[in-house]
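The structure appears below as structure tokens.
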Amino acid sequence: MGALVFNIFLVVVFGGAVIETFGWRQEVSMFPRVVASLGLLMVTGQLVIELWNRRRVAHPAAGASSAEGEADAPVRIGRQGAAWLFAGLFCIVLLGVPVGVPLFVVLLARYRFDEGWPLAIGLAATAVFLILAIFGGVFGAMWADPLLLTLFSASPTTENGSQASKVRC
Amino acid sequence: MLSWPTIGVLLVGTLIGCITGILPGIGGPVTLVLLLPVVFAIGDPTIAFALMLGTHAVQNTANSASAILLGVPGDNAAQALLMDGTPMARKGEAGRALGAAFSASAVGGLFGAVIFAGSIPVVMALLKVFGSPEMLMLSLWGLSMVAVLSGEVPLKGLAMAAVGLLLTTVGLDPQRAIPRYTFGEPYFYDGLTLISISLGLFAAPVAVELIQKRTLFTADAPATKVSDVGAGIRDTFHHWPLLLRNSALGTFLGIIPGIGGSVIDWLSYGSTVQLAKDKENFGKGDVRGVIGPDAATNSKEGGALIPTIAFGIPGSTGMAIMLGAFLGLGLIPGRVILTEHKELLFSFVWILAISNVVAAILLLSIAKHLAKVTLVRASILASFVFTFTILGAYMAQQDAMDLVLLAGFSLLGCIMHQYNWPRPPLLLGFVLGGVLERYLFLSFNAYGPSWMLRPGVIILAILIALSMFSLRKRGVQKPTKEDGAG
Chain A
-13 MGALVFNIFL
-3 VVVFGGAVIE
7 TFGWRQEVSM
17 FPRVVASLGL
27 LMVTGQLVIE
37 LWNRRRVAHP
47 AAGASSAEGE
57 ADAPVRIGRQ
67 GAAWLFAGLF
77 CIVLLGVPVG
87 VPLFVVLLAR
97 YRFDEGWPLA
107 IGLAATAVFL
117 ILAIFGGVFG
127 AMWADPLLLT
137 LFSASPTTEN
147 GSQASKVRC
Chain B
10 MLSWPTIGVL
20 LVGTLIGCIT
30 GILPGIGGPV
40 TLVLLLPVVF
50 AIGDPTIAFA
60 LMLGTHAVQN
70 TANSASAILL
80 GVPGDNAAQA
90 LLMDGTPMAR
100 KGEAGRALGA
110 AFSASAVGGL
120 FGAVIFAGSI
130 PVVMALLKVF
140 GSPEMLMLSL
150 WGLSMVAVLS
160 GEVPLKGLAM
170 AAVGLLLTTV
180 GLDPQRAIPR
190 YTFGEPYFYD
200 GLTLISISLG
210 LFAAPVAVEL
220 IQKRTLFTAD
230 APATKVSDVG
240 AGIRDTFHHW
250 PLLLRNSALG
260 TFLGIIPGIG
270 GSVIDWLSYG
280 STVQLAKDKE
290 NFGKGDVRGV
300 IGPDAATNSK
310 EGGALIPTIA
320 FGIPGSTGMA
330 IMLGAFLGLG
340 LIPGRVILTE
350 HKELLFSFVW
360 ILAISNVVAA
370 ILLLSIAKHL
380 AKVTLVRASI
390 LASFVFTFTI
400 LGAYMAQQDA
410 MDLVLLAGFS
420 LLGCIMHQYN
430 WPRPPLLLGF
440 VLGGVLERYL
450 FLSFNAYGPS
460 WMLRPGVIIL
470 AILIALSMFS
480 LRKRGVQKPT
490 KEDGAG
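Residue numbers (our numbering), protein chains in the order written: chain A, -13 to 155; chain B, 10 to 495.
So, in structure tokens, the structure goes:
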């Protein structure tokens, strides 16, 4: 079912992309319109194949073999793994990179991998070193304010209004 | 040509390549993707490619270790080593197998570097007769590699290439600076970044898998002892005709876009067995079954650089990422890079040569301890993959939106992985989309629709059709882990 939903999602995306190009000038719209139209054609074709295969699997008498039905079997991305990853990403957006990444690394090592506190803290310290010393110090990264701070503080906004300020580490 | 800090960065790259090459599932495209932000931050092309190419060039050498010692290939390009390398380790000749593999890889890598250097003048002469329409066709040839990277789902691969092409159009139009698909959000005016897309598509699913399994791919492999590395080195040079023959074979196959590492690996193993007088020991632990494939898989890198640099035709995911790095650093493949950056090209030769020699020396000297490296704790690896993924994505524009974009592409990567939609075509489409649109615009502006009737265009169109037909007919389209398909 998920495969079907994803396929329909792609049809909607390509369809929307084609429609969007109609408001643009000819020379600007040519390339995206051609690409989006071809994409729409292909994902629609894939959707038809998907539906046809499902029908054949559902009605074996119509000529489907079990092998054919299994050919496109999903790989199974672990739900817990995915949940941890996306929770981590959310945590980092919320708390910012310098705080969010080490915190998540500690939680991951301690509660997912069942490591002891010394290793968990060591990994977090390594992450802090990479963030502040290597990426911040050597490569001059500027860290955006965490979403949490932006939401609950009255900091002045920058020209594009997307974030309050950036802290150089 | 190569001076400090380039040499230092090259050594760091070689070390990274050795470590990540040994770890199954981490080497190849994932490492290159994780290095992209560092490469862009460095800015200087010579230093940046010392890191990137130094890492990439030695991974084939290093991934022999896990195949021989544990029976778990670092990537699909080391699969043929399971035939003779693993049996050698099982009967107590792990050191000899490692010695043969590393030394054969070093010679193969050097061979590829020499051929790459020799090909530059020939390719430059060829490019002088090419205009925008021909370059457009060459870009299309590059895009036709989707046929190879799509595996057994060509329609899905083509659709994903279209997604990649469409993603390149996000942002201000390069000709008129009119916003396209930006939804009024200024963040998108500069377009999407290769880093966010590639990290989301490739690194995030690896992180998810590590977090889910809580163990490495090598966790169930039996322990093995390593000794007598010198015998393996002597074996390599004793079988020098095999060494040179397979190095030449690997370089030649590497030049042909679309022949992945796994195909070269098996073809070279097949030819090794076929041309051997006594065949009875193959499959039971014959050292020639280690030397042949290892020389070929490493020599292919020099060959594979030729179409990537000269024509913008990447034949694998690794080369597509490399091409993305070229474009990100403002180096346009083709005439520009061949005429205006000759020094850089010759530095590639040195990078290939030095990294292969250093990797061989390094790996040979630590051969006895390699088995331990492959058993690094999953928690450590997962933490590093996660941290580098986040930092890599954030360095794109240093905006909180980078992380939101990463989350979006991570979700897309996981869904694509889950439902067998090939990821490399999307990356290839994204890498080549900007080049295609630019040459299309230039061709129409300069020649009108008649550009399609130019002899060079027609010849290249026929060649593209023939290559796509032959690639699919030969069945090289099977997705490989190295290519990152699926």
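Note that the Cβ used here is the ideal one computed from N, Cα and C, for glycine as well.
Close-in-space but distant-in-sequence residues of the same chain around residue i (CB under 7 Å, 5 per side omitted)
i	result
Gln32 of chain A	Asn(-7)
Ile56 of chain B	Pro14, Thr15 and Val18
Tyr403 of chain B	Asp411 and Leu412
Gly239 of chain B	Gly108
Lys100 of chain B	Gly294
Ile315 of chain B	Phe125, Ser128, Val132 and Ile264
7 Å Cβ cutoff met for residue i and residue j
i	j	result
Ala95 of chain A	Ala106 of chain A	yes
Arg185 of chain B	Thr178 of chain B	no
Phe395 of chain B	Ala171 of chain B	no
Val(-3) of chain A	Thr30 of chain A	yes
Ala115 of chain B	Gly422 of chain B	no
Ser392 of chain B	Val91 of chain A	yes
Gly401 of chain B	Pro46 of chain B	yes
Tyr198 of chain B	Gly180 of chain B	yes
Ala106 of chain B	Val366 of chain B	no
Pro96 of chain B	Lys222 of chain B	no
Gly173 of chain B	Leu449 of chain B	no
Leu210 of chain B	Arg386 of chain B	no
Gly67 of chain A	Ile187 of chain B	no
Gln6 of chain B	Met128 of chain A	No information on residue 6 of chain B is available, as it lies outside the stretch 10 to 495 that chain B covers here.
Ser277 of chain B	Gly301 of chain B	yes
Ser364 of chain B	Gly63 of chain B	yes
Asp295 of chain B	Gly104 of chain B	no
Leu354 of chain B	Ile129 of chain B	yes
Leu361 of chain B	Ala122 of chain B	yes
Met477 of chain B	Ser153 of chain B	yes
Leu78 of chain B	Ala98 of chain B	yes
Trp150 of chain B	Ile322 of chain B	yes
Ala110 of chain A	Ala409 of chain B	no
Limits of the unbroken alpha helix (DSSP H) element including residue i
i	result
Trp129 of chain A	Looking at the DSSP string, Trp129 of chain A is not in any alpha helix (DSSP H); the run it does join, the beta strand (DSSP E), is Met128 to Ala130.
Phe120 of chain B	Ala103 to Leu136
Val366 of chain B	Lys351 to Ser374
Leu118 of chain A	Note, Leu118 of chain A: premise wrong, no alpha helix (DSSP H); not H, not E.
Met16 of chain A	Gln12 to Ala44
Tyr97 of chain A	From DSSP, Tyr97 of chain A is part of no alpha helix (DSSP H); its letter is neither H nor E.
Ala334 of chain B	Thr326 to Gly337
Gln66 of chain A	Arg65 to Leu81
Gly22 of chain B	Thr15 to Ile31
Thr7 of chain A	Gly(-12) to Thr7
Met92 of chain B	Leu90 to Arg99
Glu310 of chain B	Arg297 to Phe320
Glu143 of chain B	Ser141 to Leu152
Ser392 of chain B	Ala387 to Tyr403
Lys377 of chain B	Here Lys377 of chain B belongs to no alpha helix (DSSP H), and DSSP marks it neither H nor E.
Pro195 of chain B	That residue, Pro195 of chain B, is in no alpha helix (DSSP H); it is neither H nor E in DSSP.
Residues near residue i by beta carbon distance below 6 Å, same chain, minus five either side
i	result
Val133 of chain A	Note that residue 133 of chain A is Leu in the sequence shown here, rather than Val. Cβ within range, chain order: Val79 and Leu80.
Ala22 of chain A	Phe0, Ala3 and Val4
Ser452 of chain B	Ser141, Pro142, Leu145 and Trp460
Ala275 of chain B	What sits at residue 275 of chain B in the sequence shown is Trp, not Ala. Only Ala89 meet the Cβ criterion.
Ala368 of chain B	Thr23, Cys27, Val67 and Thr70
Phe320 of chain B	Leu147
Other residues of its chain near residue i: CB distance less than 8 Å, five sequence neighbours each side excluded
i	result
Leu371 of chain B	Thr23, Leu24 and Cys27
Glu54 of chain A	Summary for Glu54 of chain A: the model assigns pLDDT 38, below 50, so the residue's position carries little reliability; its value from the coordinates is reported in the next sentence. Result list for Glu54 of chain A: Asn39, Arg42 and Val43, in chain order.
CB contact below 7 Å: residue i versus chain D
i	result
Ile341 of chain B	Going by chain labels, chain D is absent from the structure shown, which instead holds the protein chains A and B.
Q. Does the stretch 284 to 299 of chain B come close enough to the stretch 329 to 339 of chain B to have 3 or more Cβ pairs within less than 8 Å?
A. They do not touch, by the three-pair rule.
Q: Report yes or no: do the stretch 306 to 324 of chain B and the stretch 244 to 260 of chain B share at least 3 C-beta pairs separated by less than 8 Å?
A: yes
Q. Within the chosen definition, does the stretch 462 to 477 of chain B reach the stretch 143 to 153 of chain B through at least 3 CB pairs nearer than 8 Å?
A. yes
Q) Along the chain, which unbroken stretches of the alpha helix (DSSP H) at least 4 residues long are found entirely within the stretch 198 to 260 of chain B? A) 203 to 207, 213 to 222 and 238 to 247
Q) Do the stretch 102 to 117 of chain B and the stretch 236 to 249 of chain B touch if we need at least three Cβ pairs shorter than 8 Å? A) yes
(Q) Quick check for students: name the residue ranges of the alpha helix (DSSP H) that lie wholly in the stretch 35 to 76 of chain B, counting only runs of 4 or more. (A) 38 to 51
Q: Taking 8 Å as the threshold, find out whether the stretch 199 to 211 of chain B comes into contact with the stretch 41 to 56 of chain B through three or more Cβ pairs.
A: yes
Q. Taking contact to mean at least 3 C-beta pairs separated by less than 8 Å, is the stretch 340 to 353 of chain B in contact with the stretch 126 to 144 of chain B?
A. Judged by Cβ distances under 8 Å, the stretch 340 to 353 of chain B makes contact with the stretch 126 to 144 of chain B, as three or more pairs qualify.
Q: Would you check if there are 3 or more beta carbon pairs closer than 8 Å linking the stretch 64 to 74 of chain A to the stretch 412 to 430 of chain B?
A: yes
Q: Could I get the ranges of all uninterrupted alpha helix (DSSP H) runs contained in the stretch 413 to 440 of chain B, with 4 residues as the minimum, in chain order?
A: none
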